[in-house]
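Numbering (the numbering used here), first residue to last: 66 to 508. In this text, a Cβ means the ideal position worked out from N, Cα and C, and glycines have one as well. Taking it in order: structure first as C-alpha cells, then the write-up.
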Ligand code: GDP
C-alpha cells in the first residue's frame, strides 16, 4: 500500500493556471473535502474552500485507478497560477494527510505500477528536457514504445535460445549427438546483429540528444573561424589574420531545422615544430575523434592534391570510420572552385554556400533518412547493451568450442540480466534513485 502524495506539477512561478497533482488511495477523498463530488475522468468546476474561506475557483479532474498516469487514483486540480493560490491549495491538501511528493515520484509510481517501463519513464524525462525538434521526436518515439517492442523481441530471442539449449540438455543423458548447433549459431548471429545495429545508433541518438559534435578543421587561415561565425551568426570565435591564433578550442551551438549542432572549433592542422602549434594539432585530432561530422575547410585556390593529402594524413592519425566528412572549398569569391561530389564551394566571408553547408549538416542527422528503425539515446542503455554484446561474444565462443549447454546458458542469463536493466525488469534502488532524481518535483 502506498501513501498519497501531492505536488505542484507546473513550473514554479506565476502563470495563467497551475496544476496541483494528487496521487494515491486518498486522492479523491482529500480533493472532495475541499471541492465537491468528483466523477471519474471528468473535469469538475468547483470552488476550492478551506473551512469558510474561498481559496480559488478551480477545475478538478479525477482519474480513477488504474486508468491514470501513475496507475493510482489521481486528482489534478487546475487553479489560477498565482504563487499564493498554488501553495495554499498544496498546503491544504498536505494538512489532510497527503505527503509532499519527491522528485520524479509520480513517474516512479507509474513505473512501479506497470504503466510505463523504465525506458519509457526515462523518455518522459528526455521529453521534458528536449530543446529541439529532433530530440523531442526521439523522446516521444521512445515513449510511444517502438523501442520497448524491439527490446521485448530481443528478450524473446534470448528466451528462445535458452529453451533450445535446455532442450539439448534434456537429451544429453541419452548421449544423443543433438543438433549440430547450427540453428543456435544462426539465432545468436541474428541477435548479435540486432544488438550491434542498436549500439551503432547510439552515436546518432546521443548526437541528436546532446548536440551533433562537428569539428571544423583545416590549415590556419583557410577561414575556419569565419565559417563558424557565418554559421552561428555571431562573432563568437576570434577571427584573425595571423596564422595559428585560434589556439583554444571554442564551442558553439546552433539549431538547424530542429537539429542541435555543437561545434568544436580547433587550431589549424599545420605541420610545425613550434611546440604550441604542435599542441594545437594534437587538439585538432582529439576534436576530430570526438566529432560525428568533420568539416574540412580548404582554400579553393589551393591545389586539390594538397588538401587530399592532408585529409589522408588526418585519416592516418584518427579513425574516421562512421564520421561524415564534408569538404568545403572556401574563398570561392577569390577563385571559382570546382567541387566534386561531397564537396561544397563556399565563401565564408560573403556568406555564399552557407545554406548548403547547413543542409549537409542536417542531412547527416536526419532521422527520416537514417537507416535505423530505432535510435538509442540513453547512455545507461548503451552501457547495458555493450555488456549484452560481451555476453553474446561468450555465448558464441561457448557454442564454437562445444561447451556443455548449462555453461552456455549462464552467459545467456547474463545477457538477459543486462537487457532487464534497460527495461527495469531488473532494477535496484540505486538505479531507480538516480533515474528519478533527474526529474523535478511534481513530475
Ligand atoms: P582560420 O585560421 O582558418 O580560422 O581563418 P580565419 O577565419 O581567421 O580567416 C583567415 C582570413 O581569411 C581572414 O582574413 C578572413 O577574413 C579571410 N577569409 C575567410 N573566409 C574568406 C572568404 O570566403 N573569402 C575571402 N576572400 N577571405 C576569407
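Rounded distance between the beta-carbons of residue 99 and residue 157, thought under 8 angstroms: About 6 angstroms separates the beta carbon of residue 157 from that of residue 99, a gap short enough to meet the 8 angstroms contact definition.
Please report how far the alpha carbon of residue 306 lies from the alpha carbon of residue 286, in whole angstroms. Any answer about residue 306 is weak, because its pLDDT of 43 lies below 50 and its placement is not dependable; what the coordinates show is given next. Roughly 7 angstroms separates the two Cα atoms.
According to the neighbour-count rule (16 or more other Cβ atoms, all chains shown, within 10 Å of its Cβ), is residue 138 buried or exposed? So residue 138 counts as buried.
Are there three or more Cβ pairs, one per stretch, closer than 8 angstroms when the region 201–214 is compared with the region 164–179? Touching, no, given that fewer than three Cβ pairs across the two stretches are closer than 8 angstroms.
Going along the chain, which residues of its own chain have a beta-carbon closer than 7 angstroms to the beta-carbon of residue 366, five neighbours each way excluded? For residue 366, where only same-chain residues beyond five positions count, the Cβ hits under 7 angstroms are 396, 399, 400.
Where residue 136 falls, given that 16 or more other Cβ within 10 Å makes a residue buried: Answer is buried; the Cβ neighbour count reaches 16.
Rounded to the nearest angstrom, what separates residue 505 and residue 289 at their Cα positions? Using only the alpha carbons, I get a separation of about 41 angstroms.
Determine the burial state of residue 278: buried for a count of at least 16 other Cβ atoms within 10 Å of its Cβ, exposed for fewer. A buried status is given to residue 278, since no fewer than 16 other beta-carbon atoms sit within 10 Å of its beta-carbon.
Is residue 195 helix, strand or coil by DSSP? DSSP places residue 195 in coil when its eight states are reduced to three.
Looking at residue 362: is its Cβ nearer than 8 angstroms to the Cβ of residue 419? No, the pair does not count as a contact, with Cβ atoms beyond the cut-off.
Whose C-beta lies closer than 8 angstroms to the C-beta of residue 264 among residues of the same chain, with five residues either side of it excluded? Cβ neighbours of residue 264 beyond the five flanking positions: 441, 447, 450, 451, 454.
Neighbourhood of residue 255 by C-beta, 8 angstroms cutoff - its chain only, sequence neighbours within 5 removed: Setting aside the 5 residues that flank it on each side, residue 255 is surrounded in the same chain by 222, each with a C-beta closer than 8 angstroms to its C-beta; the list follows chain order.
In this structure, how does DSSP classify residue 486 when only helix, strand and coil are distinguished? Secondary structure of residue 486 (DSSP, three-state): helix.
Residue 511 bridges to which residues according to DSSP? Because the chain spans 66 through 508 in this model, residue 511 falls outside it and cannot be assessed.
Run of the beta strand (DSSP E) containing residue 101, from where it starts to where it stops: Taken as a continuous stretch (DSSP letters only), residue 101 belongs to no beta strand (DSSP E), as it is neither H nor E.
Own chain, CB closer than 8 angstroms to residue 383, minus 5 neighbours either side, in chain order: Around residue 383: 350, 353, 354.
What does the Cβ neighbour count give for residue 284, buried or exposed, with the cut at 16 atoms within 10 Å? In the assembly as shown, residue 284 is a buried residue. Its beta-carbon has 16 or more other beta-carbons within 10 Å.
Cα-Cα separation, residue 129 to residue 276: If I take the Cα positions, the gap works out to 40 angstroms.
Given 7 angstroms as the limit, tell me if residue 415 has its C-beta closer than that to any heavy atom belonging to the ligand NAD. What this structure holds is the ligand GDP, not the ligand NAD.
Let me know the secondary structure DSSP gives residue 384 once reduced to three states. Residue state for residue 384 is assigned as coil, using DSSP reduced to three classes.
Rounded straight-line distance, which links the Cα of residue 74 to that of residue 84: Taking the straight line joining both Cα atoms gives about 6 angstroms.
Could you give the C-beta distance for residue 496 and residue 216, rounded to a whole number, given that I count them as a contact under 8 angstroms? At roughly 16 angstroms, the Cβ-Cβ gap does not stay under 8 angstroms, so residue 496 and residue 216 are not in contact.
Nearest to residue 81 by CA position, among 114, 113, 123, 96, is which residue? When only C-alpha atoms are compared, the closest one is 123.
Assuming contact is defined by CB atoms lying nearer than 8 angstroms, are residue 473 and residue 458 in contact in what I supplied? If you check the CB distance, residue 473 and residue 458 do not come in under 8 angstroms.
Three-state secondary structure assigned by DSSP to residue 389: Residue state, collapsed to three classes: strand.
To the nearest angstrom, report how far apart residue 425 and residue 185 are at their CA atoms. For residue 425 and residue 185, the gap between their C-alpha atoms comes out near 32 angstroms.
Is any non-hydrogen atom of the ligand GDP found closer than 7 angstroms to the C-beta of residue 423, if you look at the structure I gave you? Checking the Cβ of residue 423 against the ligand GDP gives no.
Do the CB positions of residue 200 and residue 154 come within less than 8 angstroms of each other? Cβ distance not < 8 angstroms, so residue 200 and residue 154 don't count as in contact.
Taking the continuous beta strand (DSSP E) assigned at residue 460, which residues delimit it? Premise fails: residue 460 lies in the alpha helix (DSSP H), 444–465, not in any beta strand (DSSP E).
Comparing alpha-carbon positions, which option in 297, 177, 409 lies nearest residue 494? Ranking 297, 177, 409 by Cα distance to residue 494 puts 177 first.
Classify residue 483 as buried or exposed, calling it buried when 16 or more other Cβ atoms lie within 10 Å of its own Cβ. By the Cβ-count criterion, residue 483 is buried, with 16 or more other Cβ atoms from all chains shown falling within 10 Å of its own Cβ.
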